[in-house]
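Visitor:
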Amino acid sequence: MSTSASPRSTRQILFALLLLAGNTVYASQILQMSRPFASGEPGPSFLPALLCVFVYVAVLCILGAELRKPAAAALAAAEGSEHVPQVGLLGPVLAIALTASFVIGFLYVGYLPAAFVYTALIAGYFNYEESGQLRRAALIGVVTGLCVTLFGWLFFVQLFDLYLPLWEF
């Protein structure tokens, strides 16, 4: 294993450190809110605190993977997908566009269709990018979309009695 990091690994490590810094600033703001279960129910700081924990875990995973990755594997990963041209640009642009569409869709069509379409398309795209099998990627996207949408609904509505907007035309 080489000790020098490839440009791809260096970018991933810098990205993780930027996430760490941003998340720490975000977490410091949560400390000014009331405790999540101070009144016996999840308060306004519950989901932001949960998000912060998730991002800290993600940062640890990114750093761990990048620091253990051999330089040759990092260089091979930098070449991109053989199935999607310009994957280095297309993936992030698509993720940003789909996230913006989800936010807009959430306001106009409600949680269920917006969450399903968003997660199905994100999961389908990234699976296709990796495997190159369109039918398999579409099937995985639909199953992922159904599971994430159902889990989200159960989490908010059933567990915490927080109702999500439905279709509001």
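The letter at position 146 of the sequence shown is residue 146 when you use UniProt numbering, and the numbering goes up by one with no holes. Virtual Cβ for every residue (Gly too), placed ideally from N, Cα, C. All values derive from a computational prediction rather than experimental measurement.
1. Keeping to the same chain, check which residues put their C-beta closer than 7 Å to that of Val-142; ignore five residues upstream and five downstream.
2. Just to confirm before moving on: does the CB-CB distance between Cys-61 and Asn-23 stay below 8 Å?
3. Report the rounded CA-to-CA distance for Ala-137 versus Glu-66, giving the unit in angstroms.
4. Look at Leu-63 and Ile-13 and say whether their C-beta atoms are less than 8 Å apart.
5. Here's the rule I'm using: 16 or more other beta-carbon atoms within 10 Å means buried, otherwise exposed. How should Ala-97 be labelled?
6. If you follow the alpha helix (DSSP H) that His-152 is part of, which residue opens it and which one closes it?
7. Consult DSSP for Gln-44 and reduce its assignment to one of helix, strand or coil.
8. By Cβ distance below 6 Å, which residues in the same chain neighbour Phe-160 in space, the five residues on each side in sequence not counted?
9. Taking the alpha-carbon positions, what's the Gln-158 to Val-55 distance?
10. What whole-angstrom Cβ distance do Val-59 and Leu-20 have, given they're in contact under 8 Å?
11. Given a threshold of 16 other Cβ atoms within 10 Å of its Cβ, counted over all protein chains shown, does Met-1 qualify as buried or as exposed?
Guide: Based on what the coordinates show:
1. Within the same chain, Cβ atoms closer than 7 Å to the Cβ of Val-142 are found at Ala-120, the five residues on either side in sequence being excluded.
2. Between Cys-61 and Asn-23, the C-beta spacing is not below 8 Å.
3. If I take the Cα positions, the gap works out to 26 Å.
4. Cβ distance < 8 Å, so Leu-63 and Ile-13 count as in contact.
5. So Ala-97 counts as exposed.
6. Strictly speaking, residue 152 in this sequence is Gly, with His absent from that position. Unbroken alpha helix (DSSP H) run through Gly-152: 134–153.
7. In the sequence as displayed, the identity of residue 44 is Pro instead of Gln. The answer is coil: DSSP assigns Pro-44 none of H, G, I, E or B.
8. Correct list, in chain order: Pro-42.
9. The straight-line gap from Cα to Cα measures roughly 25 Å.
10. Confirmed, Cβ separation roughly 5 Å.
11. Note that Met-1 scores a pLDDT of 44, beneath 50, so its modelled location is shaky; the value from the coordinates is reported in the next line. Exposed, by the Cβ-count rule.
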